[in-house]
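Peer 1: Just dropping this structure here.
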Amino acid sequence: MSAGRIEQKLAELGIALPEAPAPVAAYVSVTRTGNLVITSGQLPWVGDKLVYEGKLGGDLNDEQGYEAARVAAINAIAQLKLAVNDLDKVKQIVRIEGYVHCADGFRGHPQVLNGASELIAQVFGDAGKHTRTALGINEMPLNSPVQLVVWAEVED
Amino acid sequence: MSAGRIEQKLAELGIALPEAPAPVAAYVSVTRTGNLVITSGQLPWVGDKLVYEGKLGGDLNDEQGYEAARVAAINAIAQLKLAVNDLDKVKQIVRIEGYVHCADGFRGHPQVLNGASELIAQVFGDAGKHTRTALGINEMPLNSPVQLVVWAEVED
Amino acid sequence: MSAGRIEQKLAELGIALPEAPAPVAAYVSVTRTGNLVITSGQLPWVGDKLVYEGKLGGDLNDEQGYEAARVAAINAIAQLKLAVNDLDKVKQIVRIEGYVHCADGFRGHPQVLNGASELIAQVFGDAGKHTRTALGINEMPLNSPVQLVVWAEVED
Numbered sequence: 009m010s011a012g013r014i015e016q017k018l019a020e021l022g023i024a025l026p027e028a029p030a031p032v033a034a035y036v037s038v039t040r041t042g043n044l045v046i047t048s049g050q051l052p053w054v055g056d057k058l059v060y061e062g063k064l065g066g067d068l069n070d071e072q073g074y075e076a077a078r079v080a081a082i083n084a085i086a087q088l089k090l091a092v093n094d095l096d097k098v099k100q101i102v103r104i105e106g107y108v109h110c111a112d113g114f115r116g117h118p119q120v121l122n123g124a125s126e127l128i129a130q131v132f133g134d135a136g137k138h139t140r141t142a143l144g145i146n147e148m149p150l151n152s153p154v155q156l157v158v159w160a161e162v163e164d
Numbered sequence: 009m010s011a012g013r014i015e016q017k018l019a020e021l022g023i024a025l026p027e028a029p030a031p032v033a034a035y036v037s038v039t040r041t042g043n044l045v046i047t048s049g050q051l052p053w054v055g056d057k058l059v060y061e062g063k064l065g066g067d068l069n070d071e072q073g074y075e076a077a078r079v080a081a082i083n084a085i086a087q088l089k090l091a092v093n094d095l096d097k098v099k100q101i102v103r104i105e106g107y108v109h110c111a112d113g114f115r116g117h118p119q120v121l122n123g124a125s126e127l128i129a130q131v132f133g134d135a136g137k138h139t140r141t142a143l144g145i146n147e148m149p150l151n152s153p154v155q156l157v158v159w160a161e162v163e164d
Numbered sequence: 009m010s011a012g013r014i015e016q017k018l019a020e021l022g023i024a025l026p027e028a029p030a031p032v033a034a035y036v037s038v039t040r041t042g043n044l045v046i047t048s049g050q051l052p053w054v055g056d057k058l059v060y061e062g063k064l065g066g067d068l069n070d071e072q073g074y075e076a077a078r079v080a081a082i083n084a085i086a087q088l089k090l091a092v093n094d095l096d097k098v099k100q101i102v103r104i105e106g107y108v109h110c111a112d113g114f115r116g117h118p119q120v121l122n123g124a125s126e127l128i129a130q131v132f133g134d135a136g137k138h139t140r141t142a143l144g145i146n147e148m149p150l151n152s153p154v155q156l157v158v159w160a161e162v163e164d
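Protein chains in written order, with my numbering: chain X, 9 to 164; chain V, 9 to 164; chain A, 9 to 164.
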């Protein structure tokens, strides 16, 4: 079977989808209800390590945060694939919840989360036009710099 | 064409709906999936300025927070209108996610977010009965005092 | 009428469902849209008192947080019952949003929220397999240690 349209796009962008990261506790990584697929909170895992640890506006700069958000988004795409098998079945990325682990006075949430939003746009085109929340978090599990949830509408 | 029921209610309340605020980064301001409409995180824009900036329990008092939540809710209604054109198609406001930018020891989240919930009740009546989350946020994009997400069920 | 399967499971676990806690402000405690039921943010009420107050990693230890998450989950199940009357109509627990009120440097969010996730698994079995977010919150309404939102897919 030839690769689908979205898989080809990922290849063009030089992105190898990882195994969908397993949850770190008593829950599942992705679920489907009706035509909605919802991921658990995704962290920027690369293998068994977070690409960065710490707080934006403290330990990390905006470029590192952008990269972390991009990696978490790649992991979210891997979760969508786990849910529907063929990424071409994604009709619309509906929503990204973006949580940024940040120190006092940090204001760069939008720039950091564009690491996720711009990747989703590159991969899914018009189907990647999503709504977003951008929120600061005082303390994040595993000292992760970001956490993302991705909601997608998928075909029957 | 005469104004709809909800538009008349807004007029009675002296509320002029603004243009739906544009997103501040790489995403869209509102989306629809099936019969659900979901806004992006709404800030208390009045034109191109936030009605207030800063933290509740620090820079701002509860009344200012209430007003900010009310303004963000008006912007959310403008987003719903952008999505469905006719606000009379809103069957139910399903959920408000309320995020309050706050300093150490702040406890007035429910009072602040009532600025949004009470407006929604005034405008939509029984169709405005929504669930809610009320969460404190240590650092908010653009130093906004609140961020709201509104979920609505709409007619086919 | 005999008790349903899920009610029997609750009885086996020694759990008496409370009255579904009323909201603390101008909103409703649970809503349904299509086949989705969504709770408002649930706190660990036991009668009219929170089982604990304060921050994880400060006032409270992980075991107390686990217990608080478990109590909030029991209250969420009471909300689901309020929405659909018969808990056997719950097809799937879709998502738990877990918010942990925490002090600087806290990292035990997953352990605390397992208090909710493990209870849901015990009560609902395979239908309890949910996605999850785990987020730290700097200041929580009423000084509650946790806040949970539960999403369920229910039968027609």
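Beta carbons: idealized from backbone N, C-alpha and C, even for Gly. Predicted, not measured: the structure shown is a model, and the values here were computed from it.
1. Would V/F114 pass as an interface residue toward chain A - the criterion being a Cβ-Cβ separation below 8 Å?
2. Report the residues of the stretch 131-147 of chain X with a CB closer than 8 Å to any CB of chain V, ordered along the chain.
3. For the stretch 79-105 of chain V, which residues have a beta carbon sitting closer than 8 Å to at least one beta carbon of chain X?
4. At which residues does the beta strand (DSSP E) containing V/A142 begin and terminate?
5. By the criterion of Cβ-Cβ separation under 9 Å, what are the contact partners of V/N43 in chain A?
6. Going straight from the alpha carbon of V/K17 to that of V/I85, what length do you get?
7. Please compile the residues from chain X whose C-beta is within a distance smaller than 8 Å of the C-beta of V/Y35.
8. With A/K99 as the anchor, note down where its alpha helix (DSSP H) starts and where it stops.
9. Counting only the same chain and skipping the five closest in sequence on each side, list residues whose C-beta sits under 8 Å from that of V/D70.
10. Would A/E105 and A/L156 qualify as a contact pair, given that the criterion is a beta-carbon distance under 8 Å?
11. Have a look at A/P29 and X/N43 and give me their C-alpha separation to the nearest angstrom.
12. If you follow the alpha helix (DSSP H) that X/E15 is part of, which residue opens it and which one closes it?
13. Suppose only complete runs of 4+ residues qualify. What are the alpha helix (DSSP H) ranges in the stretch 28-108 of chain A, listed by chain order?
14. From the DSSP output, in three-state form, read off A/L156 for me.
15. Can you give the Cα-Cα distance for A/A80 and X/E20, rounded to whole angstroms?
16. Is it true that the CB of V/Q87 sits closer than 8 Å to the CB of V/S125?
17. Per DSSP, which one or two residues make a beta bridge with A/V162?
18. Counting only C-beta atoms, is X/N122 closer than 8 Å to chain V at any point?
19. For X/N122, report the span of its alpha helix (DSSP H) as first-last.
20. Looking only at its chain, what residues have a beta carbon closer than 8 Å to the beta carbon of V/G113, apart from the 5 residues adjacent to it on each side?
21. Are three or more beta carbon pairs between the stretch 125-137 of chain X and the stretch 40-54 of chain X nearer than 8 Å?
22. Could you name the residues of the same chain whose beta carbon sits closer than 7 Å to that of V/P31, not counting the 5 residues immediately before and after it, in chain order?
23. Nearest to V/W53 by CA position, among V/I82, V/R40, V/I23 and V/T41, is which residue?
24. Can you tell which of A/F132, A/N146 and A/A34 has the C-alpha that lies nearest to the C-alpha of A/K97?
25. Under 8 Å, do A/Q100 and X/T41 count as touching if we go by C-beta distance?
26. Work out the CA separation of A/L95 and X/E27 for me, nearest whole Å.
27. Using DSSP with H/G/I as helix, E/B as strand and the rest coil, what is X/G136?
28. Can you tell me the Cα-Cα spacing of A/N93 and A/E161, whole angstroms?
29. Measure the C-alpha to C-alpha separation of V/H109 and A/A24 and round it to an integer number of angstroms.
30. Thinking just about the alpha-carbon of each residue, which of A/Y60, A/V102 and A/A34 is nearest to the one in A/A77?
31. With a 10 Å radius around its C-beta and 16 neighbouring C-beta atoms as the bar for buried, classify A/A91 as buried or exposed.
32. Which term fits X/R13, buried or exposed, when burial requires 16 or more other beta carbons within 10 angstroms of its beta carbon?
Peer 2: Considering the structure as presented:
1. True, the Cβ-Cβ gap to chain A drops below 8 Å.
2. Result list: K137, H138, T139, R140, T141, A142, L143, G144, I145 and N146.
3. Those residues of the stretch 79-105 of chain V placed with their C-beta closer than 8 Å to a C-beta in chain X are E105, ordered along the chain.
4. Per DSSP, V/A142 belongs to the beta strand (DSSP E) from T139 to I145.
5. Those within 9 Å of V/N43 in chain A are T41 and G42.
6. Near 12 Å, if we compare the C-alpha coordinates of V/I85 and V/K17.
7. In chain order, I104, S125, K137, H138, T139 and R140 make up the part of chain X whose C-beta sits under 8 Å from the C-beta of V/Y35.
8. Run containing A/K99: none in the alpha helix (DSSP H); it sits in the beta strand (DSSP E), V98 to H109.
9. Excluding residues within five positions, the ones whose Cβ falls inside 8 Å are L64, G116, Q119 and V120.
10. Closer than 8 Å, so yes.
11. Take the alpha-carbon of A/P29 and the one of X/N43: they are about 31 Å apart.
12. X/E15: member of the alpha helix (DSSP H) spanning R13 to E20, first to last residue.
13. Correct list: 70-92.
14. DSSP, reduced to helix, strand and coil, places A/L156 within a strand of the structure shown.
15. If I take the Cα positions, the gap works out to 46 Å.
16. Not in contact: V/S125 and V/Q87 (Cβ atoms no closer than 8 Å).
17. Partner(s): A/V98.
18. With its beta carbon less than 8 Å from one in chain V, X/N122 belongs to the interface.
19. It spans H117 to F132 - the alpha helix (DSSP H) in which X/N122 sits, taken as one unbroken run.
20. Around V/G113, the same chain offers G65 as residues with beta carbons nearer than 8 Å, after the five sequence neighbours per side are excluded.
21. These segments do not touch.
22. Closer than 7 Å at Cβ, skipping near neighbours: S37 and S48.
23. Taking only the C-alpha atoms, the option nearest V/W53 is V/I82.
24. Answer by Cα proximity: A/F132.
25. Remark: C-beta atoms of A/Q100 and X/T41 approach each other more closely than 8 Å.
26. Each residue's Cα considered, the two are about 35 Å apart.
27. Of the three classes helix, strand and coil, the one that applies to X/G136 here is helix, per DSSP.
28. Spanning the two alpha carbons is a distance of roughly 14 Å.
29. When only Cα atoms are considered, V/H109 and A/A24 end up about 37 Å apart.
30. That would be A/Y60, whose Cα lies nearest to the Cα of A/A77.
31. By the Cβ neighbour-count rule, A/A91 is buried, with 16 or more other Cβ atoms within 10 Å of its own.
32. Under this definition X/R13 is an exposed residue.
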